[in-house]
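So the sequences go chain by chain: A and B. Taking the working numbering, I'd label the letters of the first sequence as residues 5 to 405. Taking the working numbering, I'd label the letters of the second sequence as residues 915 to 1094. A short write-up of the structure that comes next.
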Amino acid sequence: MDVPGRWKDLDHLLTRPGNVVGPGFEPDPALRAFLHDDCRVLCVGAGGLGCELLKDLALSGFGQIDVIDMDTIDVSNLNRQFLFRLKDVGKPKAEVAAAAINQRVAGVHVTPHFCRIEEKPLEFYQQFQIIILGLDSLEARRYMNQVACSFLAFEEDGSPDLSTIKPMIDGGTEGFKGHARVILPGFTPCFECTLWLFPPQTKFPLCTLAETPRSPAHCIEYAHLIQWGQERPGHDFDADVEEHMRWVYDEALKRAAKFGIAGVSYQLTQGMDNYMMYVGTDGIYTHTVKYEKDAACLICSSGVPLHAPASSTLQQVIDQLQRDPRFEGKLQSPSVSCGPQNLYMHGIFEEETRQNLQKDMKMLIGGSHAILQVNDKKLLAPLRCRLTLSDHSDLDAEMAE
Amino acid sequence: MIKLFSVKEKQKKDAAAINNPKQSAGELRMQKDMSELNLAKGTTISFPDGKDKLLHFEIFLKPEDGIYKAGTFHFDFQVPTSYPHEPPKIKCKTKVFHPNIDLDGNICLNILREDWKPVLSINSIIYGLQFLFLDPNPEDPLNKEAAEMLANNKAKFESQVQAAIQRGAYIGSNHFPPCR
Ligand SMILES: [Zn+2]
């Protein structure tokens, strides 16, 4: 099946040391077989960037590729999403892209998933060695970041358990610019660590939109935020539906005419809902930014180690937290949660969680290890604690760090 | 640098997932907000989707003083998973004659949009809403009719609003059901 010389260039990369590989890379002819037969890679998104990624992965020797995308092909995609043809308009992007690659690149098997990323269980994402993102929204990136970070487990000393790291590569494009970023949960900053890179969308006062619009953006926002709810109640606005965007555009145009404002365009209307890409050009792309891991990141940090006797009750764990010199002056009346479960909470849930205080901690967290969220008025953000319940603790080692 | 996976040893399969990916940073932050929530007398909160779904809740606000005294106003809060990077989306579900709330329940409150900052909290928003009912602002109208009446004839405005709260009333061409 292989044309002679098909793997020549790839073998140059895989079988020789060189300047483009990181330390720790061991050249090995077996790598090619690993990439082709065993390594499973997931491409999230089959749009502009996704088409490019799928082609590149297939031609770089990856043989087992999955692609997930919830969109169908629109005629306006055809200029750049080169795996699609006019006859494909209306069909799922993931399915058409997978079929195109399977047909064109011998020996490569692409499996499509035509659904939302939130619909897949964690086990689905667990089976891939690498996840690569071709997404256009901040929300979807944050979700995939949580997924990748959720597999991360920690050793007793708080260092990441290497076997649980799910590498993720994020990319984005805008015009002629682009960015790429590798996220190794536990090692490099995750998406949440550097969320400040994405300034929130500019928001105009509602009364300005309603009474004194002055710019094209004001008219578009008004159509989107106010008129949509008035004139199409019960319909959820979806920026991916062209008819919805057209409707907002038409209404914005009428409003602009009424107030004598020039400059409303369909392109601007689309841009209003896609600020991530826009920000990508002057935020992410700025190469002067040094990414740093946020030691207190709610999504990827290992948390502060905390040892308690195996038989502790929740109350005893809380008492111990308050006595802990590391948190001196920071914990006045701590609330404790474990995942979505509120173990003990001040405020509105105090009454119903109070009964947990006397309960066995092991039973409450369902084991001896858990990451706890500790909240307190004196803390600026939730505090992550990595709790271990055991009687023969290596407390000394913990204290030494 | 780390060696992520070797050719011979395939990746461990059963790493116990410690974190819950269904729990977004927004939900984690909401746990903090809820543990610090101080509701004024008469104000209540409810979670229509259950108390483990903190991103959707309702606030029932009962002003103790001012023009809107004795009314109960129902607000629906949708908190995005990106909270507090982005503010919650809030609608007023009670039809009310108010210069800064339109008849669809849109609210013009600066901290909900242009002046939102991640250090603000659900507490700050509820204070903001309470303030809006104590001191409606005719300068930045969302309901122009209400703003004009408040600016030109405060006594009339007050009696109309109270009539609506107590018994339900027409103000202009719109009917406002009672909301005591
Ligand atoms: Zn992080």
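Glycine included, every Cβ here is placed at the ideal spot set by N, Cα and C.
### Cβ neighbours of Thr212 of chain A in the same chain (closer than 7 Å, five flanking residues each side left out)
The residue given as residue 212 of chain A occupies position 208 in the first sequence. Within the same chain, Thr212 of chain A has close Cβ partners His222.
Any idea what DSSP makes of Glu1000 of chain B, helix, strand or coil? Here residue 1000 of chain B corresponds to residue number 86 of the second sequence, with the count starting at 1. In the structure shown, Glu1000 of chain B sits in coil (DSSP, three-state: anything other than H, G, I, E or B).
With Ile1036 of chain B as the anchor, note down where its alpha helix (DSSP H) starts and where it stops. Against the second sequence, residue 1036 of chain B aligns to sequence position 122. Its alpha helix (DSSP H) spans residues Ile1036 to Leu1048.
Give, in chain order, every unbroken run of the beta strand (DSSP E) that is at least 3 residues long and sits entirely within the stretch 47–125 of chain A.
-> 68–72 and 113–117
Give me the DSSP bridge partner(s) of Gln992 of chain B.
In the second sequence, residue 992 of chain B corresponds to position 78, counting from 1. Beta-bridge pairing links Gln992 of chain B to B:His970 and B:Lys1003.
Quick check: does the Cβ of His1093 of chain B come within less than 7 Å of any heavy atom belonging to ligand 1?
Position 179 of the second sequence, counted from the start, is the residue given in the question as residue 1093 of chain B. Per the sequence shown, the amino acid found at residue 1093 of chain B is Cys instead of His. No.
- Query: For Gly162 of chain A, which option in A:Ile352, A:Gly307 and A:His373 has the closest C-alpha, if you only look at C-alpha atoms?
  - Reply: Here residue 162 of chain A refers to the residue found at position 158 when the first sequence is read from its first residue. Of the listed residues, the one whose Cα sits closest to Gly162 of chain A is A:Gly307.
- Query: Are the beta-carbon atoms belonging to Met172 of chain A and Ile135 of chain A less than 8 Å from one another?
  - Reply: Counting from 1 along the first sequence, the entry for residue 172 of chain A is found at position 168. Counting from 1 along the first sequence, the entry for residue 135 of chain A is found at position 131. Annotated as proximal: Met172 of chain A and Ile135 of chain A, with beta-carbon spacing under 8 Å.
Would the beta-carbon of Leu57 of chain A fall within 8 Å of that of Cys47 of chain A? Counting from 1 along the first sequence, the entry for residue 57 of chain A is found at position 53. Counting from 1 along the first sequence, the entry for residue 47 of chain A is found at position 43. Yes. Within cutoff.
Would you kindly report the start and end of the unbroken alpha helix (DSSP H) that includes Leu325 of chain A?
Residue mapping note: residue 325 of chain A aligns to position 321 of the first sequence, counting from 1. Segment Leu318 to Arg327, the alpha helix (DSSP H) holding Leu325 of chain A.
ask   = Where do the ends of the beta strand (DSSP E) carrying Phe1090 of chain B lie?
value = For the purposes of this step, residue 1090 of chain B is identified with residue 176 of the second sequence, where counting begins at 1. Segment Asn1088 to Phe1090, the beta strand (DSSP E) holding Phe1090 of chain B.
Legend entry - Contact under 8 Å by Cβ, Leu1048 of chain B with Pro998 of chain B: Taking the first residue of the second sequence as 1, we reach residue 1048 of chain B at position 134. Taking the first residue of the second sequence as 1, we reach residue 998 of chain B at position 84. For Leu1048 of chain B and Pro998 of chain B, no; Cβs fall outside 8 Å.
ask   = If you draw a straight line from the alpha carbon of Gln362 of chain A to that of Tyr348 of chain A, how long is it in whole angstroms?
value = The count along the first sequence starts at 1 and reaches residue 362 of chain A at position 358. The count along the first sequence starts at 1 and reaches residue 348 of chain A at position 344. Approximately 11 Å between the Cα atoms of the pair.
Does Asp966 of chain B come within less than 8 Å of chain A when only Cβ atoms are used? On the second sequence, position 52 is the one that residue 966 of chain B refers to. Asp966 of chain B counts as touching chain A.
Ala152 of chain A, DSSP secondary structure in three states: Within the first sequence, numbered from 1, the residue matching residue 152 of chain A stands at position 148. Here Ala152 of chain A sits in helix by DSSP.
Taking the alpha-carbon positions, what's the Gly1019 of chain B to Lys1007 of chain B distance? Here residue 1019 of chain B corresponds to residue number 105 of the second sequence, with the count starting at 1. Here residue 1007 of chain B corresponds to residue number 93 of the second sequence, with the count starting at 1. For Gly1019 of chain B and Lys1007 of chain B, the distance between alpha carbons rounds to 6 Å.
- Under 9 Å Cβ-Cβ, which residues of chain A neighbour Asn1088 of chain B? Residue 1088 of chain B sits at position 174 when you count from the first residue of the second sequence. Near Asn1088 of chain B there are no residues of chain A at all, since even the closest Cβ is about 14 Å away, more than 9 Å.
Please classify Gly175 of chain A as buried or exposed, where buried requires at least 16 other C-beta atoms within 10 Å of its C-beta.
Position 171 of the first sequence holds residue 175 of chain A. The residue is buried, with at least 16 neighbouring Cβ atoms inside 10 Å.
Touching by the beta-carbon criterion (3+ pairs, under 8 Å), the stretch 112–124 of chain A and the stretch 67–81 of chain A:
yes
Any residues in the stretch 190–217 of chain A with a beta carbon nearer than 7 Å to a beta carbon of chain B? Which ones, in chain order? Contact annotation: in the stretch 190–217 of chain A, residues whose CB is within less than 7 Å of a CB in chain B are Phe191, Glu196, Leu199, Pro204, Lys207, Phe208, Pro209, Leu210, Cys211, Ala214 and Glu215.
Review point. Mind checking Asp1016 of chain B: buried by the 16 CB within 10 Å criterion, or exposed?
Key: One-based indexing of the second sequence puts residue 1016 of chain B at position 102. It counts as buried.
message = If contact is defined by three or more beta carbon pairs under 8 Å, each pair taking one atom from either stretch, is the stretch 58–68 of chain A in contact with the stretch 78–85 of chain A?
response = no
Q | Candidates A:Gly26, A:Tyr270, A:Lys381 and A:Pro27: closest to Val1033 of chain B by CA position | A | As a first step, residue 1033 of chain B is located in the second sequence; it is residue number 119 there, counting from the start. Ranking A:Gly26, A:Tyr270, A:Lys381 and A:Pro27 by Cα distance to Val1033 of chain B puts A:Lys381 first.
### Query
How about Ser960 of chain B: is its C-beta nearer than 8 Å to some C-beta of chain A?
Looking up residue 960 of chain B in the second sequence gives position 46. Output row for Ser960 of chain B: interface = no.
**Item:** Pocket of ligand 1 (residues with CB nearer than 5 Å to any heavy atom), chain order
**Value:** A:Cys194, A:Glu196, A:Cys197, A:Cys301, A:Ile303 and A:Cys304
Query raised in the report: What are the boundary residues of the beta strand (DSSP E) that includes Arg1081 of chain B?
Result: Indexing the second sequence from 1 puts residue 1081 of chain B at position 167. Unbroken run through Arg1081 of chain B is the alpha helix (DSSP H), Lys1068 to Arg1081; no beta strand (DSSP E).
### Task
Rounded to whole angstroms, what's the CA-CA distance from Glu1059 of chain B to Pro1013 of chain B? Just pull it up for me.
Within the second sequence, numbered from 1, the residue matching residue 1059 of chain B stands at position 145. Within the second sequence, numbered from 1, the residue matching residue 1013 of chain B stands at position 99. Those two C-alpha atoms are separated by around 7 Å.
For Gly190 of chain A, count the other beta carbons within 10 Å of its own beta carbon; 16 or more makes it buried, fewer makes it exposed. Which is it?
Sequence index remark: in the first sequence, residue 190 of chain A carries index 186 (1-based). Burial call: buried.
request  = Assuming Ala312 of chain A and Val321 of chain A form a contact by the criterion Cβ under 8 Å, report the distance between their Cβ atoms to the nearest whole angstrom.
outcome  = Taking the first sequence and counting its residues from 1, one reaches residue 312 of chain A at position 308. Taking the first sequence and counting its residues from 1, one reaches residue 321 of chain A at position 317. With a Cβ gap of about 5 Å, Ala312 of chain A and Val321 of chain A count as contacting.
Query raised in the report: Nearest chain B C-beta to Met172 of chain A closer than 8 Å, yes or no?
Result: Your numbering for residue 172 of chain A matches position 168 in the first sequence. Output row for Met172 of chain A: interface = no.
| request: Could you check which residue in A:Pro344, A:Gln326 and A:Arg330 has the C-alpha nearest to that of Pro338 of chain A? | output: As a working mapping, residue 338 of chain A is identified with position 334 in the first sequence. When each option's Cα is compared against that of Pro338 of chain A, the closest is A:Gln326.
- If you draw a straight line from the C-alpha of Lys965 of chain B to the C-alpha of Ile973 of chain B, how long is it? Residue numbering aside, residue 965 of chain B sits at position 51 when the second sequence is read from its first letter. Residue numbering aside, residue 973 of chain B sits at position 59 when the second sequence is read from its first letter. Rounded to whole angstroms, Lys965 of chain B to Ile973 of chain B spans 14 Å at the Cα level.
Item to check | Length-filtered (4 minimum) alpha helix (DSSP H) runs lying within the stretch 233–266 of chain A | outcome: 246–262
Q: Take the Cβ of Ala1069 of chain B as the centre, count every other Cβ of all protein chains shown within 10 Å, and call the residue buried at 16 or more, exposed below.
A: For this step, residue 1069 of chain B is matched to residue 155 along the second sequence. The residue in question, Ala1069 of chain B, is exposed, as its Cβ has fewer than 16 Cβ neighbours within 10 Å.
What does the alpha-carbon distance come out to for the pair Pro164 of chain A and Thr192 of chain A? For the purposes of this step, residue 164 of chain A is taken as residue 160 along the first sequence, with counting starting at 1. For the purposes of this step, residue 192 of chain A is taken as residue 188 along the first sequence, with counting starting at 1. For Pro164 of chain A and Thr192 of chain A, the distance between alpha carbons rounds to 11 Å.
Glu255 of chain A and Gln231 of chain A look like a contact to me (Cβ under 8 Å); what is the Cβ gap, rounded to whole Å? Here the question's residue 255 of chain A lines up with position 251 in the first sequence. Here the question's residue 231 of chain A lines up with position 227 in the first sequence. Contact holds; Cβ gap of about 5 Å.
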